[in-house]
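Student:
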Amino acid sequence: MVPALFAVSLLIFAVVELPPGDYLSNELQELQSQGEGAGAARIAFLRKEFSFDEPFLVRYAIWVGVWPGANGFEGLLQGEWGWSFQKSKPVSEVLGDRIGLTALLNLATVFLVYLIAFPIGVAAARRPNGVVDTTSALLSYLGLAIPSFLLALILLTSAHAWFGMTIGGLMDPRFENAPWSFEKLGSVAAHLAIPALVIALGSAGIMIRRLRANLLDEMNKPYVVAARARGLNETTLTMRYPLRVAFAPFVADIGNLLPSMVSGSVIVSVVLNLQTVGPVLLDALRGQDTFLAAFILFFTAALTLVGMLISDLILAALDPRIRLGERSSA
Amino acid sequence: MPALSFRDVTLDFATSGGPLRALDGVSFDVGRGRTVALVGESGSGKSTLALAAMGLLPRHAKLGGTILLDDGKAPAIDLARLKPGSGAFRPIRGGRIGLVFQEPLSAFSPVHTVGRQISEAALAHEQITPAAARARAIEILRLTGFRDPERGYDAYPFELSGGLRQRAMIAVALAARPPVLIADEPTTALDVTIQAQILALLDRLKGELGLSILFITHDLGVVAAIADDLVVLYRGRVMERGPADAVFEASRHPYFQALKGANPGLRRKQDRLAVIGGESDAGAAARYAAAPSRHRDDVDAGAPLIVAENVTKAFGTRRTGGTGARALDHVSLAIARGESVGLVGESGSGKSTLAKVFMRAVVPDSGKVTFHLKGVPRDVATLAGDDLGRFRRRVTYVFQDPYAALNPRMTVRDTIVEPFAIHGLADRRGRDARARELIDLVGLPRSALDRYPPSFSGGQRQRIAIARALALKPELLILDEPTSALDVSVQAQILNLLGDLRRELGFAYLFISHDLAVVEHVAERVAVMRRGRIVEEAPAKRLFADAMHPYTRALIAAAPEADRKTRLDFAAVSAAAKSDWGDDADVRMTDIAPGHRVAMTVTKGSHAAAA
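Read top to bottom, the protein sequences are chains A and B.
For the first sequence, the residue numbers in our numbering are 30 to 359.
For the second sequence, the residue numbers in our numbering are 482 to 1092.
Right under this line is the structure:
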């Protein structure tokens, strides 16, 4: 996992640096076109401070923290996330609460996806072409077809028009800069519901269809028929046998689910004015804010790897063939 | 009073083309404490009948008649009247009728322990504590022949051998002590020696537990070994029924006679197997042989064609490196021009690996394969370029599963002429002509050329595969279990076809099979493999009359004969299975007669048979 993180960090840094120029040279041009000479000295200072004139690999090594920069070792390994030029703040301050809120929103969304898709998918597979199946098929296609930002807009306006509620943001504006308290937590929870639902709906639709298909495939396998032939009732049987096998692909998906919710919900976050990492990433990439963008991407990659690890562990717990494979083949 | 009696059972499947009749007026009884064999080929409806009794038919099936279960455990009940989806069937399934499946590996959930699946069956029918269910499961595992039932309880299905898995499957079926057992081809997926053990086990359990058994099979040898009564099913109708002895002795029915004739029994002198319909056109082979050949060398038959010497191959997992189990352990085998060699062994004995070494699909770790190309011996491993192409044209392969071996999106014509395309031989018209010759050769109508493989039966597909393998007029045809996926009557057709073609075209073949009777029928010389070694090799007649190695003897003893008089002797089988097969001993191949080699244990300067 550690070598993977290193490889990923190198790749990310290379990609972020790929566009010609950098934030400082862009700003310098802008200042010059406005005829301001005063900023130039500050920019020259920043160039030196952040070693912009060093070769690529050295800059990368400084960013990671294996090479001394202008002020000694100050990289990811030392817990320094870097400096955001756009906001003129350390990256850690820019992201601050956002990372926690993003994680919270994603967890809530993942939870909601499984909460919705699981019972419906199973019910649909139990009676294919029954009422639950056809209704859920219709709804999940709708959920897939409607872009989530549009759904967000609809909910936003209708909630305001009918209930006089503002559902934008992840908390009541008055808590925005307040320290964490129980009221703030409550406000976050209330505001979390709508965006989580909006983001979850599309994924849940896909998951219902896939769970149903996987489960139907498993339902006619000999081991399920065999379980029926020894007199188990249908509910026990479904829960104990095919579900466990049909569920494996979704566990394997956790690794992909986590990061996609950081980058995937950008538009919804913009529309609903959520304080998540997504919109910041968009800004940072557009403004060539090297360290900010690189850090967010790195954070996402780390999430992916953690997700993979979690899913591998759960898979091993679910399936003895993975757990014992080495033992029996040795 | 029969435990299970079928009366005028009919079954229709609703299809888009109207109802399809799968069972038509089926009537017979399974007497208490008796074993009734239900015999038929695929599609005869025998498995469907089992599913009907268990209420496991698909929803679009419509069942008629009565299936009366009167086992003495609970009030008699007509199973045909019960609604399959309703809870009313649950006490029957497992509680009054146990079902044993053909493939224990797929009938077990891979992610639960064997023991859990057994105790769960007991818990589903009786008010007992989980601890009691566990004790019951362990007791049944012991009863079904587990030497260490406690360990077997905690094992996962994939950790058990095929034979133990089937024993565990029987344990599942018996967990809730049902008086009736339905076994659906329970030994078809097993090796002969294991099959004999499972049959002996079922026979013993019948006595100890007073079971009534409905035994479904396509194998008359198995029937002869185990059945008290016999029911023959053909296309959903009962052709014949009665006590097994009487039916075997004096059956008048042509279908039963045909089944018996198609069965290649051991030590039966017959040139051709009886065939139920459909024969190939013998004249076609003559025409094909007369067609100009690009690469037929005029060398005497009997000269060596391909020789493997001291070939060793180990497959290792990534963790264990190359030191895993040896698939081949110093194997030597020679095939002469025009010779038919049979290679027998149980699953995992290394016979397919040896075949792949012959055709250079697997490169051996050590040892050498020599192929006589234009009369010049060449090391197969060093062939390259045009020589490799020539070698590939001379050695071709027919796979076991004709369903998987043909591309369903390619017409039969394209399939057959693909070898010409690969090797850049013949133009389009030439290829079309060849395709017609080849399809005549394997006895299919020319109209088959423009159709696709899915519209053919297994036997017809295997004919297509053979046509493809013969397209380039190979000198060596390797057939890897070419008939084990087929019904006996179809198998008989394919075996006859191969015999005819070899006589006409003069190629050599290596015929791999786990079925001794088939090999005896098709091969002039037979090699027996076990655990990566050849333990005995001899001319076919000699091998079957005078086998020396204890393993060969055990194999022959375990092969079921479709005859009540020479039926499988369970005592002899278990005696043979107990002898020492010299697994880890230092063995060496020793000639004991011309062409007859046996693996012998080397004991301090003197030779002794491995026994």
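Idealized CB from N, CA, C, for every residue including glycine.
Mind checking the stretch 632 to 649 of chain B against chain A and listing, in chain order, the residues whose C-beta falls within less than 7 Å of any C-beta there?
Tutor: Against chain A - using a Cβ distance shorter than 7 Å - the residues of the stretch 632 to 649 of chain B are Y637, F639 and E640.
Student: Assuming S928(B) contacts S965(B) under a Cβ cut-off of 8 Å, what Cβ separation, rounded to an integer in Å, is found between them?
Tutor: With 8 Å as the limit, S928(B) and S965(B) do not qualify as a contact, their Cβ atoms being about 29 Å apart.
Student: Cα-Cα, which of A1008(B), A973(B) and L682(B) is closest to L622(B)?
Tutor: Residue L682(B) is the option with its Cα nearest to L622(B).
Student: Spell out whether any CB of chain A is found under 9 Å from the CB atom of A523(B).
Tutor: Note that residue 523(B) is Ser in the sequence shown here, rather than Ala. Taking Cβ atoms only, chain A never reaches closer than 9 Å to S523(B), which makes this a no.
Student: Would you mind stating whether T131(A) and T305(A) have Cβ atoms separated by less than 9 Å?
Tutor: In this structure, T305(A) lies closer than 9 Å to T131(A) by Cβ.
Student: Is the number of C-beta pairs between the stretch 911 to 922 of chain B and the stretch 857 to 870 of chain B that are closer than 8 Å three or more?
Tutor: Result no; under three Cβ-Cβ pairs closer than 8 Å.
Student: Compute the minimum distance between the beta carbon of P735(B) and the heavy atoms of the ligand FMN, and state whether it is under 8 Å.
Tutor: The model on display carries no ligand, and the ligand FMN is accordingly not part of it.
Student: Which residue marks the beginning of the beta strand (DSSP E) containing K543(B), and which one marks its end?
Tutor: A542 to L550 is the span of the beta strand (DSSP E), which, as asked, contains K543(B).
Student: Classify A43(A) as helix, strand or coil using the three-state DSSP reduction.
Tutor: Of the three classes helix, strand and coil, the one that applies to A43(A) here is helix, per DSSP.
Student: What are the residues that DSSP puts in a beta bridge with D665(B)?
Tutor: According to DSSP, D665(B) bridges with I697(B).
Student: By the 8 Å beta-carbon criterion, what residues does the stretch 653 to 670 of chain B contribute toward chain A?
Tutor: Those would be V653, A654, A656 and A657, in chain order.
Student: Rounding to the nearest angstrom, what Cα-Cα distance links A346(A) and R352(A) in this structure?
Tutor: The alpha-carbon atoms of A346(A) and R352(A) are separated by roughly 7 Å.
Student: Of the residues P176(A), F79(A) and V254(A), which one's Cα is nearest the Cα of I228(A)?
Tutor: It is P176(A) whose Cα lies nearest to the Cα of I228(A).
Student: With DSSP collapsed to three states, give me the class of E721(B).
Tutor: The answer is strand: DSSP assigns E721(B) an E or B state.
Student: Taking 9 Å as the threshold (beta carbon to beta carbon), is F582(B) in contact with chain A?
Tutor: Closer than 9 Å to some Cβ of chain A, the Cβ of F582(B) qualifies, so yes.
Student: Looking at chain A, which residues of the stretch 586 to 598 of chain B have a Cβ within less than 7 Å of any of its Cβ atoms?
Tutor: Within the stretch 586 to 598 of chain B, the qualifying residues are S587, A588, F589, S590, P591 and V592.
Student: Taking only the alpha-carbon atoms, compute the straight-line gap between L342(A) and G125(A) and give it to the nearest angstrom.
Tutor: For L342(A) and G125(A), the distance between alpha carbons rounds to 30 Å.
Student: Kindly indicate which three-state DSSP category R574(B) falls into: helix, strand or coil?
Tutor: R574(B) falls in the strand class under three-state DSSP.
Student: Need the endpoints of the alpha helix (DSSP H) that K837(B) sits in, please.
Tutor: Residues K832 to F839.
Student: Can you pull the chain A neighbours of H606(B), defined as C-beta to C-beta under 9 Å?
Tutor: By Cβ distance, chain A contributes R259 and G260.
Student: Based on the DSSP output, what are the partners of G101(A) in its beta bridges?
Tutor: BP columns for G101(A) point to G98(A).
Student: So, D1094(B) versus G940(B), is the Cβ gap smaller than 9 Å?
Tutor: Since the displayed chain B opens at 482 and closes at 1092, residue 1094(B) lies outside it and no answer follows.
Student: Of the choices R1011(B), L680(B), A998(B) and Q608(B), whose alpha-carbon is the least far from that of G829(B)?
Tutor: Out of R1011(B), L680(B), A998(B) and Q608(B), R1011(B) has the C-alpha closest to the C-alpha of G829(B).
Student: When DSSP builds the beta bridges, which residues end up paired with S400(A)?
Tutor: This structure does not reach residue 400(A), given that chain A is present from 30 up to 359, and the question cannot be answered.
Student: For M535(B), which residues in chain A fall below 7 Å Cβ to Cβ?
Tutor: Simply A258.
Student: Can you pull out the residues from the stretch 561 to 577 of chain B whose beta carbon lies closer than 8 Å to at least one beta carbon of chain A?
Tutor: Within the stretch 561 to 577 of chain B, the residues whose Cβ lies closer than 8 Å to some Cβ of chain A are G568, R571, P572, I573, R574, G575 and G576, listed in chain order.
Student: Compare the beta carbon distance of G553(B) and R513(B) with 9 Å and say whether it is the shorter of the two.
Tutor: Contact flag set, yes.
Student: So, under 8 Å CB-CB, L662(B) and G576(B) are touching, yes? Tell me the CB distance rounded to an integer number of Å.
Tutor: The Cβ separation is near 12 Å, so there is no contact.
Student: Mind checking whether Y52(A) and T264(A) have CB atoms under 9 Å apart?
Tutor: In this structure, T264(A) does not lie closer than 9 Å to Y52(A) by Cβ.
Student: Could you tell me the alpha carbon to alpha carbon distance between G159(A) and S165(A), rounded to whole angstroms?
Tutor: Rounded to the nearest angstrom, the two C-alpha atoms are 10 Å apart.
Student: Could you list which residues in chain A have their beta carbon closer than 9 Å to that of E601(B), in chain order?
Tutor: Within 9 Å Cβ-Cβ: A256, R259, L261, T265 and R269.
Student: Say whether the stretch 997 to 1006 of chain B touches the stretch 817 to 836 of chain B, bearing in mind that this needs 3 or more beta-carbon pairs closer than 8 Å, one atom from each stretch.
Tutor: With the cut-off at 8 Å, the stretch 997 to 1006 of chain B and the stretch 817 to 836 of chain B touch.
Student: Does S178(A) come out as helix, strand or coil in the three-state DSSP assignment?
Tutor: The question names Ser, but residue 178(A) in the sequence shown is Phe. Note: F178(A) maps to helix in three-state DSSP.
Student: For Q676(B) versus P1041(B), is the C-beta spacing smaller than 9 Å?
Tutor: Yes, the pair counts as a contact, with Cβ atoms nearer than the cut-off.
Student: At 3 residues or longer, and completely inside the stretch 811 to 882 of chain B: list those beta strand (DSSP E) runs for me, N to C.
Tutor: Complete beta strand (DSSP E) runs here, min 3: 821 to 826, 847 to 854, 857 to 860 and 876 to 879.
Student: What are the boundary residues of the beta strand (DSSP E) that includes M1070(B)?
Tutor: V1068 to A1074 is the span of the beta strand (DSSP E), which, as asked, contains M1070(B).
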